[in-house]
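S.K.: Got a structure for you, questions after.
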Amino acid sequence: MAGNAPYRGTSAARRIIARHVRRRQLLVTSLAGSAVAATIIVPGLPNLGIAVYISSTLPFALFP
């Protein structure tokens, strides 16, 4: 039960919905970051584009 501490006292359906919403938010963040990074890389700013891409994909690595 320790892994579900933030969800204590809520129904199973609400936990599933909350996880689904969080997963969708991370996906949208990652896709938006990839689009912005590609837009930045095209005119010739690869270092900035890669930095934006890495920072937008960190939520997947840090908060699975």
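Everything in the sequence shown is counted per our numbering, starting at 16 for the first residue and increasing by one. Using N, Cα and C, we set each Cβ at its ideal position, and we do this for glycine too. All values derive from a computational prediction rather than experimental measurement.
Grouping DSSP H, G and I as helix and E and B as strand, with all else coil, what is Leu60?
M.R.: In the sequence shown, counting from the first residue as 1, residue 60 sits at position 45. Reduced to three states, the DSSP call for Leu60 is coil.
S.K.: Would you decide whether Ala66 is buried or exposed? Buried here means 16 or more other CB atoms lie within 10 Å of its CB.
M.R.: As a first step, residue 66 is located in the sequence shown; it is residue number 51 there, counting from the start. By the neighbour-count rule (16 or more Cβ atoms within 10 Å), Ala66 is not buried but exposed.
S.K.: Give the straight-line distance between the Cα atoms of Ile31 and Tyr68, rounded to the nearest whole angstrom.
M.R.: Stepping through the sequence shown from its first residue, residue 31 is reached at position 16. Stepping through the sequence shown from its first residue, residue 68 is reached at position 53. In a straight line, the C-alpha of Ile31 is about 29 Å away from that of Tyr68.
S.K.: Could you tell me the distance, in whole angstroms, from the CA atom of Pro58 to the CA atom of Arg39?
M.R.: In the sequence shown, the residue the question calls residue 58 occupies position 43. In the sequence shown, the residue the question calls residue 39 occupies position 24. Rounded to whole angstroms, Pro58 to Arg39 spans 30 Å at the Cα level.
S.K.: Quick one: measure Cβ to Cβ for Ala47 and Ser70, integer angstroms, because I've assumed they're closer than 8 Å.
M.R.: On the sequence shown, position 32 is the one that residue 47 refers to. On the sequence shown, position 55 is the one that residue 70 refers to. Going by Cβ atoms, the distance from Ala47 to Ser70 rounds to 12 Å, so no, they are not a contact pair.
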